[in-house]
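Encoded as structure tokens, the structure appears first; notes follow it.
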Amino acid sequence: MIDPLPELSTEQSDPRYSQIDRLPTERIARLMNQADAAVPAAVAVVIPAISAAIDAIADRMAAGGRLFYVGAGTSGRLAVLDASECPPTFGTDPSLVQGVIAGGPDALTRSVEGAEDDAEAGAAALKDLEVGPLDSVVGVSASGRAPFVLGALAEAASAGALTVGLSCNDDAPLSAAAEHAIEVVVGPEVVTGSTRLKAGTAQKLVLNMISTISMVKLGRTYGNTMIEMSAMNSKLAGRAMRIVADITGADRETAGAALDAAGGQAKVAVLMIRHGLDADGARALLESHGERLSDALSG
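Each residue of the sequence shown is one higher than the one before, counting from 1 in the UniProt record's numbering.
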């Protein structure tokens, strides 16, 4: 078991918050808001490292690889959250981006004793997923010391996968274990050691960048439009219709009819309208241009 050492910045106590149990609600809220405001600046410092990691991840995904996030506790929950948002946002297969949390699904809603400290379980989780040379594994740990995450990264590295370490402390063991180190140093929390606060916010911001920019680079947006989103409910179906109408200039009725004929695939519907194709012809054109709508429209 690795003890979270007191010299870690995420474990230190900030005297500015030592009296919060005696303060009125609004004052505590303002202190928390001020603390949170420092997080984007801390992320900005490491954007070069984030960008290098994203380029490496996107290259492997373009070659057929998968992306795995691995974490424990809050970090694990954020990992699973970001991964789970990729299918509805970018139309990906659920296997393409996956979140792995110490303790398994039960740990999403409650603490699983000792799960974070089991390095062998971390390694086994990655081995079970048959992680290989085309895959990318992002270890997420505020302290940068979680044994489960370190074990997972070691297994990923031994399998030839790309490894990235995302932590909130300087010189973290996780950074030493990864090819790409991202250290977003946000300092002490309002509630000492509660890394679901600033550290959690920082991790979510970086995970947003990793998944979103990777998908942009893979052609899963058209400009800033969610052209691959899954129209799984009435809100998203309406959004898909507006997207098709906006790109093609067609009226809503025409856009809706094309979407129906395209099985809800917005990119196919756009090509049907713009090039006068049926659904199969539009899919073939899209495939011939690597699924990139911008290329298919101009080709």
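Using N, Cα and C, we set each Cβ at its ideal position, and we do this for glycine too.
Everything numeric in this text was worked out from a predicted model, so none of it was measured.
- Per DSSP, the continuous alpha helix (DSSP H) segment holding alanine 156 begins and ends at 147–158.
- For glycine 200, the uninterrupted alpha helix (DSSP H) segment begins and ends at 198–217.
- Secondary structure of histidine 275 (DSSP, three-state): helix.
- Secondary structure of leucine 166 (DSSP, three-state): strand.
- With respect to the C-alpha of leucine 8, the residue from Leu166, Leu271 and Gly144 having the closest C-alpha is Gly144.
- In the three-state reduction of the DSSP assignment, glutamine 98 falls in the strand class.
- In this structure, the CA atom of leucine 293 is about 43 Å from the CA atom of aspartate 171.
- For leucine 78, the closest alpha carbon among the candidates Val270, Ala107, Glu120 and Ala53 is that of Ala107.
- Per DSSP, the continuous beta strand (DSSP E) segment holding serine 136 begins and ends at 136–140.
- DSSP places glutamate 85 in the uninterrupted alpha helix (DSSP H) bounded by 73–90.
- In the displayed model, alanine 181 falls within a strand according to three-state DSSP.
- Judged by DSSP secondary structure, serine 194 falls outside any alpha helix (DSSP H); it is assigned neither H nor E.
- DSSP places leucine 8 outside both helix and strand once states are collapsed to three, so it counts as coil.
- Here threonine 221 is not bridged, per DSSP, to any residue.
- Of the other Cβ atoms in all chains shown, 16 or more fall within 10 Å of the Cβ of aspartate 135; this residue is therefore buried.
- The beta carbon of lysine 127 sits closer than 7 Å to the beta carbons of Glu155 from its chain, once the five residues preceding and following it are set aside; these are given in chain order.
- One alpha carbon belongs to asparagine 169, the other to threonine 163, and they sit about 18 Å apart.
- Take the alpha-carbon of glutamate 287 and the one of threonine 254: they are about 23 Å apart.
- The DSSP-derived three-state label of valine 39 is helix.
- Within the model, the alpha-carbon separation for threonine 89 versus glutamine 19 is close to 42 Å.
- As DSSP reads the structure, leucine 67 sits in a beta bridge with Val97 and Ser136.
- Alanine 161 is not a Cβ neighbour of valine 185, given a cutoff of 8 Å.
- Counted as a single uninterrupted DSSP element, the alpha helix (DSSP H) harbouring valine 244 occupies residues 234–248.
- With at least 16 other beta carbons inside 10 angstroms of its own, glutamine 203 counts as buried.
- Taken atom to atom, the span from the alpha-carbon of serine 141 to that of serine 95 is near 22 Å.
- The alpha carbon of aspartate 117 has as its nearest neighbour, out of Ile247, Gly132, Ala146 and Gly281, the alpha carbon of Ala146.
- By the CB criterion at 8 Å, valine 191 and alanine 35 fall outside the cutoff.
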